[in-house]
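Take a look at the structure set out below.
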Amino acid sequence: MLAYAAKRFALALPTLFLVSLIVFGVMRLIPGDPAALILGDAADPETLAALREQLGLNQPLAVQFFDWISRLLGGDWGTSLTNDEPVLPTIIERFSFTVTLVLPVFAIALCLALPAGLLAARKYGSRFDSIVTVAAIVSLSVPGFWVALLLILVFGVELGWLPTVGYVTVDDNWTTQVRYLILPAAALLIVETGQLLRMMRASSLEVLEAEYIMHARAKGLPETRVAWRHAFPNALAPTLTLAGMLLGSLLGGAAVIETVFALPGLGRLLVDSVFQRDYPVVQGVLLLVATLQIAMNLLVDLLHPVLDPRVRL
Amino acid sequence: MTSRRRPGSLLGLTACGLISVVSLVGMIWTPFDPYDINLDGRLLPASTTHWLGTDEFGRDVLSRLMRASGISLGIAALSTVLALCLGAFLGGAAAFFRGWIERGVLLACDALMAFPALLLALGIMAVAGPNEIGVIFALAIAFTPRLMRITRAAAISISERDYVKASRVLGNGEWYTMLRHVLPNCISPLTVAAGTIFGTALLAETALSFLGIGMPPPTATWGGMMADGRQYIDIRPGLIVIPGSAISVAMLGINLLADALRDRLDPRMRYL
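If you're matching them up, the sequences are chains W and S in order.
In terms of numbering that gives the first Met the number 0, the first sequence has 155 at position 156, counting the first letter as 1, and numbering is strictly consecutive.
In terms of numbering that gives the first Met the number 0, the second sequence has 239 at position 240, counting the first letter as 1, and numbering is strictly consecutive.
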């Protein structure tokens, strides 16, 4: 297992290297250069040249890239162009908020989608299956920001039950904090559960046709045991791959939902930084998001052999 | 797969047909000029003159909705076609030539797929700035890796077929064989994938426009209309309900049609 993990990790390293090269390259495509962005349009040429020298922008691109990488590894992710704050602590603070929002939602989505998908497959063609199928396709078809706005309209504006935008910190009353998170969490849950539900139903249907399921039934096992002991673990693998991708993407920031509800998450930080052309922050967020996704894919790869012994290490 | 198994196919076809007609008509004719500002007629409710009312600048909502459908669907379609061309070419080349070309393409694919599509598009828009070409390229780059992988998988099996070997034996060049014999036979899986990606691209375009990073104002887009209407959610909820419904109907139609297409062209995925 350790050798397999080490091999998978080694395979992820070139991807990570290329990801950092893409992030570095894309940010070098911006009109002007970082020195011009920091000093603004009114800067005189001497000051610009001095800052370029100081930032190492006169060096060849390869030198600049490896210098940037070594600073990243040393924890120096640069300084924000808008507030002069170091980028890394800002990103970590925003990321911790996103984790607080996303992880419970994701856990609930899994708890809903896995049993419902399996049950729909078991009752293929029934009314329950139709409801699950329709719910999944509707969830896939509605834009997250629209769902968020509708929730605000109904529960915030019309009924006045819940706050519509903003957030209070952990230091405040936790019930108030939860009240602020209910609507964003509900919006995320509505739009993210559909994919998991659909995949679980599809893979369960495939598994339920397998010969070992027929064999289990022929042995006289109760249908519940056939479903949960034999079908469920085998149907889980494709859903798990999708779940890993979804979680990686969500941890990277539910950009649109966070923006609608004015929440201080990683996605909103990226959106704000794009508006403010704060490139060091954009660069940092993109790098973290891609690294998270690679890590999630790695984790899923390592979990597969644990769940399904047929997957060879 | 028969339509009995997929009763949604007809619904999907109807929704797509409806949205397509509205888009086409909206590009050549609208009841009012969708960009004509009339500050005396701001936020009017639905009436016989303005069937869906007016927005905060007094512009006719129906006219903007019609024009926006053409723009949003057009951008999604163009970015899907561009991604399809890039993905098919690179994926085909990777499968056909193998070796370092394949390794390089796969590595680039893995690296690009590490970025969630919307966030990658956001990053590219940070560089490109809000403009039509930028949005199309950003979305195309974000969706190319998926199509690249699908083409490669299909092309690897096709490259081993007898007619491909025959083309080589006849003395046809490698590029000619790839473009004439390998890629056209990858159409089936690519069509299935393109259907799904078209829907995802539409959703991403509306999200970018909603965030104000997509098409620049005053261009009418579904996402942009919702972003503008957000401030008036308490007095004119129609400003967000109407464009949101249009996006949802379009997405529902595209998803149902993509499912039907997949049933027909890729029966292995029939349960999805």
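For every residue, glycine included, the Cβ atom is placed at its ideal position computed from N, Cα and C.
Every value quoted in this text rests on a predicted model; they were computed, and no experiment measured them.
How far does the alpha helix (DSSP H) with residue i in it extend, from its first residue to its last?
| i | result |
| --- | --- |
| His180/S | First-last for His180/S: undefined, no H or E at that position. |
| Leu28/W | Leu28/W -> no alpha helix (DSSP H), and no H or E assigned at all. |
| Lys164/S | 161-168 |
| Gln176/W | 173-207 |
| Leu10/S | 7-27 |
| Cys108/S | 98-112 |
| Met147/S | 131-158 |
| Met214/S | Premise fails: Met214/S is in no alpha helix (DSSP H) and is neither H nor E. |
| Leu220/W | Premise fails: Leu220/W is in no alpha helix (DSSP H) and is neither H nor E. |
| Val137/W | 126-140 |
| Glu52/W | 44-54 |
| Val248/S | 237-264 |
| Asp66/W | 60-72 |
| Ala45/S | Run containing Ala45/S: none; DSSP gives neither H nor E here. |
| Ile123/S | 116-127 |
| Ala226/S | 221-228 |
| Phe144/W | 143-150 |
Short check: CB of residue i to CB of residue j, under 7 Å?
| i | j | result |
| --- | --- | --- |
| Thr79/S | Ile157/S | no |
| Ser138/W | Gly193/W | yes |
| Leu207/W | Ala185/W | no |
| Pro237/W | Ser202/W | yes |
| Gly11/S | Gly223/S | no |
| Val131/W | Ala120/W | no |
| Leu42/S | Arg179/S | no |
| Pro144/S | Leu111/S | yes |
| Ile70/S | Thr205/S | no |
| Gly243/W | Val299/W | yes |
| Pro304/W | Gly77/W | no |
| Leu81/S | Ala165/S | no |
| Ile239/S | Met250/S | no |
| Gly283/W | Ile90/W | yes |
| Val203/S | Ala127/S | According to the sequence provided, residue 203/S is Ala. The question's Val does not apply to it. Cβ distance not < 7 Å, so Ala203/S and Ala127/S don't count as in contact. |
| Val101/W | Leu249/W | yes |
| Ala259/S | Ser46/S | no |
| Ser68/S | Thr29/S | no |
| Gly116/W | Arg27/W | no |
| Leu297/W | Arg93/W | no |
| Met65/S | Val21/S | yes |
| Pro183/W | Phe260/W | yes |
| Ala76/S | Val248/S | no |
| Leu38/S | Gly52/S | no |
Between the options, which lies nearest to residue i when the distance is taken from Cα to Cα?
| i | options | result |
| --- | --- | --- |
| Pro44/S | Asn130/S, Ile36/S, Glu55/S | Glu55/S |
| Leu10/W | Pro308/W, Met198/W, Ile293/W, Ala108/W | Ile293/W |
| Ala134/W | Val104/W, Leu188/W, Thr163/W | Leu188/W |
| Met214/S | Gly170/S, Gly133/S, Ala257/S | Gly133/S |
| Arg178/W | Val305/W, Phe154/W, Leu241/W | Phe154/W |
| Met295/W | Glu173/S, Ala125/S, Ala113/S, Val181/S | Ala113/S |
| Arg160/S | Gly170/S, Pro144/S, Asn184/S, Ile140/S | Asn184/S |
| Leu71/W | Pro88/W, Asn82/W, Asn57/W | Pro88/W |
| Gly247/W | Arg276/W, Pro263/W, Ala289/W, Gly74/W | Ala289/W |
| Ala245/S | Ser140/W, Gly124/W, Leu102/W | Ser140/W |
| Leu85/S | Tyr34/S, Leu61/S, Ala141/S, Ser46/S | Ala141/S |
| Ala4/W | Phe105/W, Ser19/W, Leu301/W, Glu257/W | Leu301/W |
| Met213/W | His229/W, Val190/W, Ala35/W, Gly124/W | His229/W |
| Ala255/W | Gly198/S, Val163/S, Phe209/S, Ala14/S | Looking at the sequence shown, residue 255/W is not Ala but Val. Among Gly198/S, Val163/S, Phe209/S, Ala14/S, the Cα nearest to that of Val255/W belongs to Phe209/S. |
| Leu146/S | Phe31/S, Val21/S, Thr190/S | Thr190/S |
| Ala147/W | Glu257/W, Leu60/W, Cys110/W | Glu257/W |
| Phe16/W | Leu287/W, Phe260/W, Leu152/W | Leu287/W |
| Tyr166/W | Asn57/W, Thr97/W, Ala217/W | Thr97/W |
| Leu60/W | Gly73/W, Leu20/W, Arg7/W, Gln176/W | Leu20/W |
| Arg267/W | Ile212/S, Ile241/S, Gly228/S, Met26/S | Ile212/S |
| Leu269/W | Gly122/S, Gly57/S, Gly16/S, Leu182/S | Gly122/S |
| Val281/W | Pro33/W, Val164/W, Asp128/W, Leu38/W | Pro33/W |
| Leu152/W | Val248/S, Pro33/S, Arg229/S | Arg229/S |
| Trp125/S | Val190/W, Val164/W, Ser272/W | Looking at the sequence shown, residue 125/S is not Trp but Ala. When each option's Cα is compared against that of Ala125/S, the closest is Ser272/W. |
| Gly25/S | Ile36/S, Phe136/S, Val60/S, Asp39/S | Val60/S |
| Ala152/S | Gly57/S, Ser187/S, Tyr231/S, Asn130/S | Ser187/S |
| Ala257/S | Asp109/S, Leu118/S, Gly40/S, Gly194/S | Gly194/S |
Across which residues does DSSP place residue i in a beta bridge pair?
| i | result |
| --- | --- |
| Leu78/W | In the sequence as displayed, the identity of residue 78/W is Thr instead of Leu. Answer by DSSP bridge pairing, in chain order: Pro85/W. |
| Thr53/S | Asp59/S |
Could you check if residue i belongs to the surroundings of the ligand SAH, using beta carbon to heavy atom distance under 6 Å?
| i | result |
| --- | --- |
| Ser208/S | Ligands are entirely absent from the displayed structure, and the ligand SAH is therefore not among its contents. |
- Query: Can you list the alpha helix (DSSP H) stretches of 4 or more residues lying completely in the stretch 250-277 of chain W, in chain order?
  - Reply: 254-259, 265-274
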